[in-house]
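One structure below.
Number of protein chains: 2
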Amino acid sequence: MNIVLLSGGSGKRLWPLSNEVRSKQFVKIFRSKEKDYQSMVQRVYQQIKEVNPETRILVTTSKTQVSAIHHQLGSEVEVCVEPCRKDTFPAIVLATAYLHDVKHLSEEEVVVVCPIDPYVEKDYFEALEELAVEAKKGKANLVLMGIEPTYPSEKYGYIIPDNTEKISNVKEFREKPDLEKAKTYLLQGALWNGGVFAYKIGYVLKLAKEWIGFKEYNALYLNYKTLVPISFDYAVVEKEKKIQVMRFMGQWKDLGTWNTITEAMEEKLIGKAIVNQTCENVHIVNELDIPVLCMGLQNVIVSASPDGILVSDKEQSSYMKPYVEQIDQQVMFAEKSWGTYRVLDVEKESLTIKIILKSGEKMNYHSHSRRDEVWIIISGRGRTIIDGIEQTVCTGDVVTMQAGSRHMIIADTELRVIEVQMGKEISIYDKQKFA
Amino acid sequence: MNIVLLSGGSGKRLWPLSNEVRSKQFVKIFRSKEKDYQSMVQRVYQQIKEVNPETRILVTTSKTQVSAIHHQLGSEVEVCVEPCRKDTFPAIVLATAYLHDVKHLSEEEVVVVCPIDPYVEKDYFEALEELAVEAKKGKANLVLMGIEPTYPSEKYGYIIPDNTEKISNVKEFREKPDLEKAKTYLLQGALWNGGVFAYKIGYVLKLAKEWIGFKEYNALYLNYKTLVPISFDYAVVEKEKKIQVMRFMGQWKDLGTWNTITEAMEEKLIGKAIVNQTCENVHIVNELDIPVLCMGLQNVIVSASPDGILVSDKEQSSYMKPYVEQIDQQVMFAEKSWGTYRVLDVEKESLTIKIILKSGEKMNYHSHSRRDEVWIIISGRGRTIIDGIEQTVCTGDVVTMQAGSRHMIIADTELRVIEVQMGKEISIYDKQKFA
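Going down the list, the sequences are from chains A and B. Just so you know, we're using our numbering here: the first sequence kicks off at 38 and counts up by one. Just so you know, we're using our numbering here: the second sequence kicks off at 38 and counts up by one.
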């Protein structure tokens with residue numbers, strides 16, 4: 038089976054754990070089998086591999102998330118890079134063309150598209166296989182997954198099936214309703230639209246040709262910026278006549294807010310945290326090295342990261358987006374394909390950061406025109422190249438680089454480095470890369 | 038007038054702003070006249086000077102707080118250093134002997150002893166002057182200040198005066214009572230014991246001779262460790278027959294817990310903080326560089342510092358001591374006489390700190406036997422002495438020091454330095470000082 042995992046998200050709703058470069062799906066809050074913490078991305082990826090190790094997984098995401106995907110899933114995971122954000126129709130077309138043109142899958146092959154962040158169990162991924170089998174039969178152009186609702190939600194679109202069979206034709210779609218309408222939909226046997234659908238590659242390429250004018254991967258990639266942003270649901274699903282829905286009755290959760298995410302957490306406290314006995318229904322997710330102490334709180338989420346500290350009544354946390362948007366905080370922590378960096382100190386004319394470079398990884402060869410830099414190797418072994426000259430470095434070594442000097446560092450073992458940047462104008466844009 | 042300010046405190050009750058080296062009296066949360074924030078220590082010191090610039094102030098405190106006192110009050114403030122903590126009787130004896138032997142005050146001079154952290158207005162310090170005048174008359178050996186109670190508190194000891202005059206003899210003392218007893222004391226016209234008393238130097242020196250066996254400053258200092266820890270109230274006040282009390286009816290607050298301290302704060306938010314409109318009676322004191330966002334909270338204090346994060350119902354915050362005692366966190370921030378330091382990163386075999394050295398200040402000349410160090414000057418100008426060789430340094434300079442090398446740094450302007458310590462065993466005890 039071919040699965041395309043859609044990885045999007047703006048990163049505001051799980052602040053301070055999510056930020057511009059780390060969307061909610063990358064936040065590590067679920068216990069893995071190995072007893073450490075994993076993110077939604079890692080959890081879903083592991084579940085798919087467990088259900089069927091042969092599944093071909095393609096992650097489609099924008100440039101800004103590629104590093105995080107590789108950091109969390111390893112460098113071997115296949116990624117289709119969207120040159121910019123353009124909603125799900127262009128993303129799915131690009132991924133489908135990639136599978137056809139770059140990976141040479143035939144037009145008859147079935148693809149299942151699925152968000153990267155559902156909170157589900159294995160039966161969900163078994164159902165995706167059934168979805169693929171059904172799409173392969175070709176009775177319909179699209180086979181959707183319809184999720185059996187557990188309550189009359191106003192948050193989801195609804196699918197009205199023709200009958201109560203496991204697989205049936207779709208009668209109608211309904212936009213997100215109000216509470217009263219949602220109740221009547223439930224009585225009519227409606228299902229939630231979870232954004233999951235299976236189709237044959239040829240079908241989407243034909244749509245691409247019709248709507249966009251071309252269907253070749255290279256052309257799509259090069260002209261991606263000019264494509265009209267539109268969702269796959271709106272552009273395709275709601276218009277298609279030959280469409281089926283498959284009923285899914287297993288567990289499905291959309292962990293979009295702190296309130297819903299804490300319901301899925303197996304432990305109430307992650308990181309250094311203490312709650313006294315008068316606390317009730319308090320969740321703490323603390324990524325900082327310092328302890329959090331909570332006393333006498335009810336129904337509260339506390340989360341601390343290098344970007345900030347949230348203390349919120351759980352229900353209120355759904356309304357945090359406008360407040361987070363007010364916050365003008367530079368990104369203090371990021372996961373990159375090569376490791377992580379964390380800002381330790383910010384001054385007007387200096388910036389001190391900690392870099393952890395994974396064994397075998399390296400930075401790009403680059404220079405800065407407006408700042409000097411110093412590296413102090415606090416652990417590990419590696420090599421630096423400064424203005425073309427390679428030198429080995431290890432714990433305790435200090436490397437100084439004047440503005441303009443070209444430099445890079447290569448990790449032979451995991452390298453931990455304190456980097457001090459100094460200059461009148463320190464900016465992430467002051468960087469020139471060399472091959 | 039001579040005032041001895043007692044500066045004690047364990048630092049647990051205002052965690053995370055207070056720690057082992059910063060007791061609650063050093064926490065800056067009150068608006069000063071200059072519109073920046075000041076601590077209880079700074080507020081009291083300024084108030085005394087305003088009421089009478091001629092007042093001689095002696096701060097008595099233990100070694101661990103001397104740096105913080107000098108940092109906050111300036112290097113010219115007079116400090117009597119207690120070699121270790123021994124409760125108030127030994128501390129007051131030592132300070133009194135210091136005034137007599139080192140400062141050559143006569144036995145007839147009056148001293149007023151006062152805690153360093155009452156939250157009061159100017160009339161309080163005017164009352165201290167009256168207390169001194171009364172003590173000078175010599176009608177009693179001790180003149181206490183008795184604070185007119187505002188409610189039947191269980192937290193304070195009570196003084197029962199002979200009559201309702203402003204100054205009267207003391208009939209009796211009562212230990213901290215339960216609520217019912219406190220109510221009856223109030224009906225009897227009892228006053229709170231705020232730990233303030235005036236006496237003539239000769240009186241306390243005589244007591245020292247009787248109780249301890251000697252009264253000379255040098256002998257007291259050298260033998261301080263062997264003295265029995267006992268409070269002045271218990272050792273002296275409650276036993277003295279010739280004792281008066283002066284009634285004080287002005288504002289007096291004992292800001293011992295977060296709950297009481299937030300009542301005295303003029304602003305609800307200090308530092309980077311956002312509260313949404315559903316928050317009620319929420320105070321935030323944030324010393325970190327990252328923002329705190331609070332949503333939907335009632336009657337809560339949030340405080341964040343380099344040592345940790347507290348989120349507590351205000352009433353519950355009175356019970357935090359045992360929880361804070363569980364926390365085994367190294368001191369992450371400290372104010373020293375020469376400036377401040379803050380821990381930025383802790384690894385097994387490295388420690389990265391940021392040092393701010395005030396203009397004109399310097400470190401001790403010292404060495405470490407088990408670690409190398411690197412200094413990166415991120416701003417300012419100064420000089421280093423490394424193994425006897427002096428060199429000027431300025432922004433951008435990097436100085437490396439091998440284990441064993443003797444070093445110091447002198448700030449010609451304010452100096453900001455990133456220091457990276459590296460070694461198998463990094464400890465504050467690995468430090469040898471040289472003259």
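Beta carbons: idealized from backbone N, C-alpha and C, even for Gly.
Option nearest residue i by Cα separation, candidates the options
i, options, result
"A:V361", "B:H108, B:E462 and B:C331", "B:C331"
"B:R408", "A:I393, A:D409, A:I415 and A:K173", "A:I415"
"B:R443", "B:V411, B:R50, B:P266 and B:D434", "B:V411"
"A:G433", "B:Q439, B:C431 and B:V430", "B:Q439"
"A:K399", "A:E202, A:A448, A:K373 and A:Q79", "A:A448"
"B:K391", "B:V322, B:V457 and B:K192", "B:V457"
"A:P127", "A:L142, A:W248 and A:S190", "A:W248"
"B:G417", "B:V435, B:D424 and B:Y236", "B:V435"
"A:L10", "A:V81, A:S464, A:K276 and A:L51", "Because chain A in this structure spans residues 38 to 472, residue 10 of chain A falls outside the shown range and cannot be described."
"B:L394", "B:V78, B:V88, B:D73 and B:H108", "B:H108"
"A:I465", "A:S406, A:C431 and A:K72", "A:S406"
"B:E144", "B:D154, B:G287 and B:T133", "B:T133"
"B:E98", "B:E146, B:T377, B:Q62 and B:H320", "The residue asked about is misnamed: residue 98 of chain B is Thr in this sequence, not Glu. Looking at the Cα atoms, B:Q62 is the closest of the given residues."
"B:L181", "B:F251, B:S69, B:T101 and B:E275", "B:E275"
Any C-beta of chain A under 8 Å from that of residue i
i, result
"B:V96", "no"
"B:I392", "no"
"B:G376", "no"
"B:N313", "yes"
"B:A371", "no"
"B:M302", "no"
"B:S404", "no"
"B:M38", "no"
"B:E386", "yes"
"B:G345", "yes"
"B:V411", "yes"
"B:I463", "no"
"B:T421", "no"
Buried versus exposed, by CB contacts within 10 Å (16 or more), residue i
i, result
"A:A472", "exposed"
"B:Q335", "exposed"
"A:V383", "exposed"
"A:T187", "exposed"
"B:T429", "exposed"
"A:C151", "buried"
"B:G183", "buried"
"B:T421", "buried"
"A:P359", "exposed"
"A:D344", "buried"
"B:P266", "exposed"
Beta carbon proximity, residue i to chain B, threshold 8 Å
i, result
"A:G441", "no"
"A:L306", "no"
"A:R453", "yes"
"A:S396", "no"
"A:S349", "yes"
"A:Y193", "no"
"A:Q367", "no"
"A:C331", "yes"
"A:S354", "yes"
"A:Q363", "yes"
"A:L54", "no"
"A:L51", "no"
"A:I415", "yes"
"A:L334", "yes"
"A:P90", "no"
Endpoints, beta strand (DSSP E) assigned at residue i
i, result
"A:Q428", "I426 to C431"
"B:Q366", "B:Q366 -> no beta strand (DSSP E), and no H or E assigned at all."
"A:P152", "V147 to P152"
"A:Q383", "Reading the sequence as shown, one finds Val at residue 383 of chain A and not Gln. Here the beta strand (DSSP E) through A:V383 covers G376 to E384."
Unbroken alpha helix (DSSP H) run spanning residue i, endpoints
i, result
"A:W168", "Here the sequence assigns Leu to residue 168 of chain A, which means Trp is not the residue at that position. Counting along the chain, the alpha helix (DSSP H) containing A:L168 begins and ends at K159 to K174."
**OP:** Please specify which runs of the alpha helix (DSSP H), each continuous and at least 4 residues long, are wholly inside the stretch 447 to 472 of chain A, giving them in chain order.
**Re:** Segments of the alpha helix (DSSP H) lying fully in the stretch 447 to 472 of chain A: there are none.
Original post:
In chain order, which continuous runs of the alpha helix (DSSP H) of length 4 or greater are located wholly inside the stretch 290 to 322 of chain A?
Top reply: For secondary structure counted as the alpha helix (DSSP H) over 4 or more consecutive residues, the stretch 290 to 322 of chain A holds these complete runs in sequence order: 295 to 301.
Original post:
Which whole runs of the beta strand (DSSP E) in the stretch 184 to 226 of chain B are 3 residues long or more, in chain order?
Top reply: The stretch 184 to 226 of chain B contains these whole beta strand (DSSP E) runs: 195 to 198 and 204 to 211.
Original post:
Considering only residues of the stretch 221 to 269 of chain B, which uninterrupted alpha helix (DSSP H) runs meet the minimum length of 4 residues and lie entirely inside it, listed in chain order?
Top reply: Correct list: 238 to 248 and 254 to 259.
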